[in-house]
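Asker: Protein chains in written order, with this note's numbering: chain A, 1 to 201; chain B, 1 to 201.
Glycine residues also receive a C-beta, built at the ideal position from the N, C-alpha and C atoms.
Just so it is clear, the structure is predicted and the values come from calculations on it, not from any experiment.
Shown below is the structure under consideration.
Protein chains: 2
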Amino acid sequence: MPRPVAPLLSREQIASAALELIDETGTFTLPGLARRLGVSASSIYYHFPGGREAIIEAIRGFLTTGPAPTTGTDWQTYAQEWAREYRRAFARHPKVVPMLTAQTVSDPRTLATYEALARVLRDAGFHEEELLHAVTILDCFILGSALDAAAPLDVWAASDDPESALGAAIRTVGPEPEKRSERSFEIGLRLLLTGLAELRT
Amino acid sequence: MPRPVAPLLSREQIASAALELIDETGTFTLPGLARRLGVSASSIYYHFPGGREAIIEAIRGFLTTGPAPTTGTDWQTYAQEWAREYRRAFARHPKVVPMLTAQTVSDPRTLATYEALARVLRDAGFHEEELLHAVTILDCFILGSALDAAAPLDVWAASDDPESALGAAIRTVGPEPEKRSERSFEIGLRLLLTGLAELRT
Chain A
1 MPRPVAPLLS
11 REQIASAALE
21 LIDETGTFTL
31 PGLARRLGVS
41 ASSIYYHFPG
51 GREAIIEAIR
61 GFLTTGPAPT
71 TGTDWQTYAQ
81 EWAREYRRAF
91 ARHPKVVPML
101 TAQTVSDPRT
111 LATYEALARV
121 LRDAGFHEEE
131 LLHAVTILDC
141 FILGSALDAA
151 APLDVWAASD
161 DPESALGAAI
171 RTVGPEPEKR
181 SERSFEIGLR
191 LLLTGLAELR
201 T
Chain B
1 MPRPVAPLLS
11 REQIASAALE
21 LIDETGTFTL
31 PGLARRLGVS
41 ASSIYYHFPG
51 GREAIIEAIR
61 GFLTTGPAPT
71 TGTDWQTYAQ
81 EWAREYRRAF
91 ARHPKVVPML
101 TAQTVSDPRT
111 LATYEALARV
121 LRDAGFHEEE
131 LLHAVTILDC
141 FILGSALDAA
151 APLDVWAASD
161 DPESALGAAI
171 RTVGPEPEKR
181 SERSFEIGLR
191 LLLTGLAELR
201 T
């Protein structure tokens with residue numbers, strides 16, 4: 001009987017191992033990734049002829065969840081769900097965020113979720129430049145909020161000065177400090193979606 | 001005559017070299033930093049007994065510009081200037097952003113700029129939890145916008161599909177595509193500052 005075939009190296013395995021390395025060290029190299037997977041660098045290039053940049057695109061796709069269903073929802077509800085999903089995915093992997101923003105989005109799954117959002121916005125009356133601004137503004141707020149979600153509970157070292165306005169605000173953050181970031185995100189998202197409604201020409 | 005004294009290693013030099021390493025590679029290690037500076041790791045610990053985390057705080061201080069003057073400006077103008085300065089500083093060093101958000105802000109200069117913003121907001125009628133949300137929301141938008149400012153001009157790969165809503169938006173981005181990111185930032189900031197005005201209790 002033939003020996004069991006060793007499991008084939010897949011693109012998903014490679015992207016997943018690269019994401020682990022980024023989570024642990026803030027970056028990854030092709031030789032380091034090959035060592036982690038116990039394969040040769042050429043096995044990685046076989047799956048990713050585009051090398052490092054292509055692996056980062058695969059990570060993007062890996063983190064991208066499908067667009068929320070559009071049926072029966074208005075554009076603001078759709079954009080809200082889209083933003084929540086996106087923030088959740090990136091909050092788990094903050095160190096990958098600047099790698100993703102440093103290169104053009106070409107992963108098809110990710111492009112499809114942006115296209116879905118763009119269509120909902122277009123159908124809601126956003127056109128041309130305003131549509132691009134709306135997507136960019138949401139994107140920026142979501143990425144920053146994902147980093148904030150991954151931040152320590154104490155974002156700022158508390159001041160001893162009783163006159164400190166920041167210190168007073170920190171002390172009155174209210175119940176469930178672990179939800180501070182999420183509350184801020186929800187408020188900011190609401191403000192942006194309300195404001196964006198006025199942007200339509 | 002004595003030989004000229006070799007320039008002493010300073011905290012600024014160490015922080016600056018660490019920032020260079022982050023800009024180049026996305027991260028830094030203490031041994032790597034010592035090699036770059038041509039000194040021993042113990043020389044670095046002499047200046048930074050707190051090690052890596054303390055060096056990251058020094059980088060934060062290094063990037064922090066002083067708060068804009070408050071005289072004669074309303075809170076929205078102040079926050080706008082604060083946000084523009086902050087975005088400009090981080091857009092030049094996108095890879096350091098997740099390192100800064102991963103630890104509590106303790107650099108005194110940076111805390112002073114947050115305190116200045118918090119005082120302006122308090123004097124404008126923001127109190128307690130609303131003040132903290134306002135600062136957090138601005139922070140998130142600024143950090144994401146800094147990453148967007150450092151992104152390639154083509155944020156999304158253009159689709160060939162003539163029906164693509166995103167593709168149509170990309171094609172009509174208008175003159176000076178290099179200013180797209182800045183235009184989106186200015187519009188989003190205005191929307192947030194308008195919305196935040198309503199947040200005051």
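Could you tell me the distance, in whole angstroms, from the CA atom of ALA18 (chain B) to the CA atom of HIS127 (chain A)?
Answerer: In the second sequence, counting from the first residue as 1, residue 18 (chain B) sits at position 18. In the first sequence, counting from the first residue as 1, residue 127 (chain A) sits at position 127. Using only the alpha carbons, I get a separation of about 44 Å.
Asker: When the Cβ atoms of the segment 49-66 of chain B are set against those of the segment 97-106 of chain B, are three or more pairs found closer than 8 Å?
Answerer: yes
Asker: List, in chain order, every chain B residue whose beta-carbon is nearer than 9 Å to that of LYS179 (chain A).
Answerer: Indexing the first sequence from 1 puts residue 179 (chain A) at position 179. What LYS179 (chain A) touches in chain B: nothing, since even the nearest Cβ is about 12 Å away.
Asker: Give me the chain A residues within the contact set of ALA133 (chain B), using Cβ-Cβ distance strictly less than 8 Å, ordered along the chain.
Answerer: For this step, residue 133 (chain B) is matched to residue 133 along the second sequence. It should be pointed out that residue 133 (chain B) corresponds to His in this sequence rather than to Ala. Using a Cβ-Cβ cut-off of 8 Å, HIS133 (chain B) is close to ARG183, SER184, ILE187, GLY188 of chain A, given in chain order.
Asker: Under 7 Å between the Cβ atoms of ILE22 (chain A) and VAL105 (chain A)?
Answerer: Counted from its first residue, the first sequence places residue 22 (chain A) at position 22. Counted from its first residue, the first sequence places residue 105 (chain A) at position 105. Their beta carbons are not under 7 Å apart, which means ILE22 (chain A) does not touch VAL105 (chain A) by this criterion.
Asker: Can you tell me which of the three DSSP states VAL105 (chain A) falls into?
Answerer: Residue 105 (chain A) sits at position 105 when you count from the first residue of the first sequence. Looking at VAL105 (chain A) - three-state DSSP - the assignment turns out to be strand.
Asker: List, in chain order, every chain A residue whose beta-carbon is nearer than 7 Å to that of ARG122 (chain B).
Answerer: For the purposes of this step, residue 122 (chain B) is taken as residue 122 along the second sequence, with counting starting at 1. Those within 7 Å of ARG122 (chain B) in chain A are ALA165.
Asker: Expressed to the nearest angstrom, what Euclidean distance is found between the alpha-carbon atoms of ARG52 (chain B) and ARG36 (chain B)?
Answerer: Sequence index remark: in the second sequence, residue 52 (chain B) carries index 52 (1-based). Sequence index remark: in the second sequence, residue 36 (chain B) carries index 36 (1-based). Going from the Cα of ARG52 (chain B) to the Cα of ARG36 (chain B) covers about 15 Å.
Asker: Contact check, LEU117 (chain A) vs ALA169 (chain B) under 8 Å by CB: the rounded distance?
Answerer: Looking up residue 117 (chain A) in the first sequence gives position 117. Looking up residue 169 (chain B) in the second sequence gives position 169. Incorrect: roughly 11 Å between the Cβ atoms, too far for contact.
Asker: Between which two residues does the alpha helix (DSSP H) carrying THR77 (chain B) extend?
Answerer: Translated into positions along the second sequence, residue 77 (chain B) becomes position 77. Note, THR77 (chain B): alpha helix (DSSP H), 75-91.
Asker: Given this structure, state the Cα-to-Cα distance separating TYR114 (chain A) from ARG92 (chain A), to the nearest angstrom.
Answerer: As a working note, residue 114 (chain A) is residue 114 in the first sequence. As a working note, residue 92 (chain A) is residue 92 in the first sequence. Roughly 20 Å separates the two Cα atoms.
Asker: Leaving out five residues before and five after PRO195 (chain A) in sequence, what residues of the same chain have Cβ atoms less than 6 Å from its Cβ?
Answerer: One-based indexing of the first sequence puts residue 195 (chain A) at position 195. Checking the displayed sequence, the identity of residue 195 (chain A) turns out to be Gly instead of Pro. Within the same chain, GLY195 (chain A) has no close Cβ partners at all.
Asker: Whose Cβ in chain A lies nearer than 7 Å to the Cβ of SER106 (chain B)?
Answerer: Working through the second sequence from its first residue, we reach residue 106 (chain B) at position 106. In chain order: ALA157.
Asker: Answer with yes or no whether the minimum CB distance from ASP160 (chain B) to chain A is below 7 Å.
Answerer: For the purposes of this step, residue 160 (chain B) is identified with residue 160 of the second sequence, where counting begins at 1. Output row for ASP160 (chain B): interface = no.
Asker: Please work out which residues of its chain come closer than 6 Å, Cβ to Cβ, to ALA158 (chain A), disregarding the five sequence neighbours upstream and downstream, and give them in chain order.
Answerer: Locating residue 158 (chain A) in the first sequence gives position 158, where the first residue counts as 1. Once the five neighbours on either side are set aside, the close Cβ partners of ALA158 (chain A) are GLY167, ILE170.
Asker: Would you kindly check if the distance between the Cβ of GLY144 (chain A) and the Cβ of GLY144 (chain B) is under 7 Å?
Answerer: The residue given as residue 144 (chain B) occupies position 144 in the second sequence. The residue given as residue 144 (chain A) occupies position 144 in the first sequence. Contact flag set, yes.
Asker: Looking at the unbroken alpha helix (DSSP H) that takes in LEU21 (chain B), where does it start and where does it end?
Answerer: As a first step, residue 21 (chain B) is located in the second sequence; it is residue number 21 there, counting from the start. Looking at the DSSP string, the run of the alpha helix (DSSP H) that includes LEU21 (chain B) is 11-25.
Asker: Does the Cβ-Cβ distance between ARG11 (chain B) and GLY125 (chain B) come in under 7 Å?
Answerer: Translated into the one-based positions of the second sequence, residue 11 (chain B) becomes position 11. Translated into the one-based positions of the second sequence, residue 125 (chain B) becomes position 125. Cβ atoms of ARG11 (chain B) and GLY125 (chain B): not closer than 7 Å.
Asker: Give the range of the alpha helix (DSSP H) segment to which ASP161 (chain B) is assigned.
Answerer: Counting from 1 along the second sequence, the entry for residue 161 (chain B) is found at position 161. Note, ASP161 (chain B): premise wrong, no alpha helix (DSSP H); not H, not E.
Asker: Is it right to say LEU8 (chain A) is buried, meaning 16 or more other beta carbons lie within 10 angstroms of its own, or is it exposed?
Answerer: Residue mapping note: residue 8 (chain A) aligns to position 8 of the first sequence, counting from 1. With fewer than 16 other Cβ atoms within 10 Å, it is exposed.
Asker: Measure the alpha-carbon distance for ARG183 (chain B) versus ALA197 (chain A) and round it to whole angstroms.
Answerer: The residue given as residue 183 (chain B) occupies position 183 in the second sequence. The residue given as residue 197 (chain A) occupies position 197 in the first sequence. Approximately 17 Å, taken between the alpha carbons.
Asker: Keeping to the same chain, check which residues put their C-beta closer than 7 Å to that of LEU138 (chain B); ignore five residues upstream and five downstream.
Answerer: Working through the second sequence from its first residue, we reach residue 138 (chain B) at position 138. Here the set comprises ALA79, ALA83, LEU192.
Asker: Using a beta-carbon distance cut-off of less than 7 Å, what residues from the segment 79-111 of chain B approach chain A?
Answerer: PRO94, LYS95, VAL97, PRO98, THR101, ALA102, GLN103, THR104, VAL105, SER106, LEU111
Asker: Classify PRO177 (chain B) as helix, strand or coil using the three-state DSSP reduction.
Answerer: Along the second sequence, read from residue 1 onward, the residue named residue 177 (chain B) stands at position 177. Looking at PRO177 (chain B) - three-state DSSP - the assignment turns out to be helix.
Asker: Under 7 Å, do ALA112 (chain A) and LEU121 (chain A) count as touching if we go by C-beta distance?
Answerer: As a working note, residue 112 (chain A) is residue 112 in the first sequence. As a working note, residue 121 (chain A) is residue 121 in the first sequence. Going by C-beta atoms, ALA112 (chain A) is not nearer than 7 Å to LEU121 (chain A).
Asker: Hey, quick one: how far does the alpha helix (DSSP H) through ASP154 (chain B) stretch, first residue to last?
Answerer: Along the second sequence, read from residue 1 onward, the residue named residue 154 (chain B) stands at position 154. ASP154 (chain B) -> no alpha helix (DSSP H), and no H or E assigned at all.
Asker: To the nearest angstrom, how far is it from the Cα of GLU163 (chain B) to the Cα of THR65 (chain A)?
Answerer: As a position in the second sequence, residue 163 (chain B) is number 163, starting the count at 1. As a position in the first sequence, residue 65 (chain A) is number 65, starting the count at 1. Roughly 23 Å separates the two Cα atoms.
Asker: If I'm right that LEU63 (chain B) touches PHE90 (chain B) with Cβ under 8 Å, what's the distance once you round it to whole angstroms?
Answerer: Residue 63 (chain B) sits at position 63 when you count from the first residue of the second sequence. Residue 90 (chain B) sits at position 90 when you count from the first residue of the second sequence. With 8 Å as the limit, LEU63 (chain B) and PHE90 (chain B) qualify as a contact, their Cβ atoms being about 7 Å apart.
Asker: For my contact list, LEU30 (chain A) and ILE44 (chain A) are in at a C-beta cut-off of 8 Å; report their separation, rounded to the angstrom.
Answerer: Locating residue 30 (chain A) in the first sequence gives position 30, counting from the first residue. Locating residue 44 (chain A) in the first sequence gives position 44, counting from the first residue. Confirmed, about 6 Å.
Asker: Can you grab the Cα-Cα spacing for the pair ARG180 (chain B) / GLN76 (chain A), in whole Å?
Answerer: Position 180 of the second sequence holds residue 180 (chain B). Position 76 of the first sequence holds residue 76 (chain A). Looking at the two C-alpha atoms, the distance is approximately 23 Å.
Asker: Can you list, in chain order, the residues of the segment 135-156 of chain A whose Cβ is nearer than 8 Å to any Cβ on chain B?
Answerer: VAL135, THR136, ILE137, ASP139, CYS140, PHE141, ILE142, LEU143, GLY144, SER145, LEU147, ASP148, ALA150, ALA151, PRO152, ASP154, VAL155, TRP156
Asker: For GLU57 (chain B), would you say it is in contact with chain A, using Cβ-to-Cβ distances shorter than 7 Å as the test?
Answerer: Counting from one through the second sequence, the residue named residue 57 (chain B) turns up at place 57. By this cut-off, GLU57 (chain B) is not an interface position.
Asker: Which of the three DSSP states, helix, strand or coil, is assigned to GLY72 (chain B)?
Answerer: As a working mapping, residue 72 (chain B) is identified with position 72 in the second sequence. Of the three classes helix, strand and coil, the one that applies to GLY72 (chain B) here is coil, per DSSP.
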